[in-house]
Amino acid sequence: MAIQLRRYQFAPGTLAEFLPYFPTRAVPLRASYGFSVVFAYADHVNEQFVWAVEYPGTADELRAREAEYLADPEWSAQIEPVIGGIVSDLSEVIDQVWPPQAA
719 MAIQLRRYQF APGTLAEFLP YFPTRAVPLR ASYGFSVVFA YADHVNEQFV
769 WAVEYPGTAD ELRAREAEYL ADPEWSAQIE PVIGGIVSDL SEVIDQVWPP
819 QAA
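First residue of the sequence shown? That's 719 in my numbering, and the numbers climb one at a time after it.
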């Protein structure tokens, strides 16, 4: 199982425009590629959106599947137009350190 943490910084006043599209467009399309959203938080004061996705494979498999997701015509038609307010996007596969995982 691999988890990717994603952090978006939005231009002032644009986070609120993005929020309605996340559960109706991004989450279902991600799910169709085998991803599940672990959590999603909006920091309205700082115009930031932080979320994590989980994929039932290795980190390399997650990255490969994400490349397929981003190449999907539905992504460019339905999601790309609503992410214009993002001024920076940081994402990386992360490791769980707490609570400890069972061996």
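Even for Gly, the Cβ is constructed at its ideal location relative to N, Cα and C. Since the structure is predicted, the reported quantities are computational estimates derived from the model, not experimental observations.
Residue i burial status per 10 Å Cβ neighbour count (16 or more: buried)
{"i": "A734", "result": "exposed"}
{"i": "W769", "result": "buried"}
{"i": "I812", "result": "exposed"}
{"i": "A782", "result": "exposed"}
Option in the options with minimal Cα separation from residue i
{"i": "E765", "options": "E810, A795, T732, Y787", "result": "T732"}
{"i": "A758", "options": "G775, L737, G802, Y773", "result": "L737"}
{"i": "E792", "options": "L747, Q814, T742", "result": "L747"}
{"i": "Y773", "options": "T742, V805, V763, A749", "result": "A749"}
{"i": "L788", "options": "F753, Q727, I721", "result": "F753"}
Straight-line gap, residue i to residue j (C-alpha atoms, nearest Å)
{"i": "R724", "j": "L808", "result": "6 Å"}
{"i": "Q819", "j": "V800", "result": "37 Å"}
{"i": "Q814", "j": "T776", "result": "14 Å"}
{"i": "D761", "j": "Q727", "result": "10 Å"}
Beta-carbon proximity list for residue i, same chain, < 8 Å, skipping 5 on both sides
{"i": "I797", "result": "Y739, R743, A744, L747"}
Problem set entry | Any beta strand (DSSP E) of 3 or more consecutive residues that is wholly inside the segment 726-800 | The qualifying runs are 754-761, 766-773.
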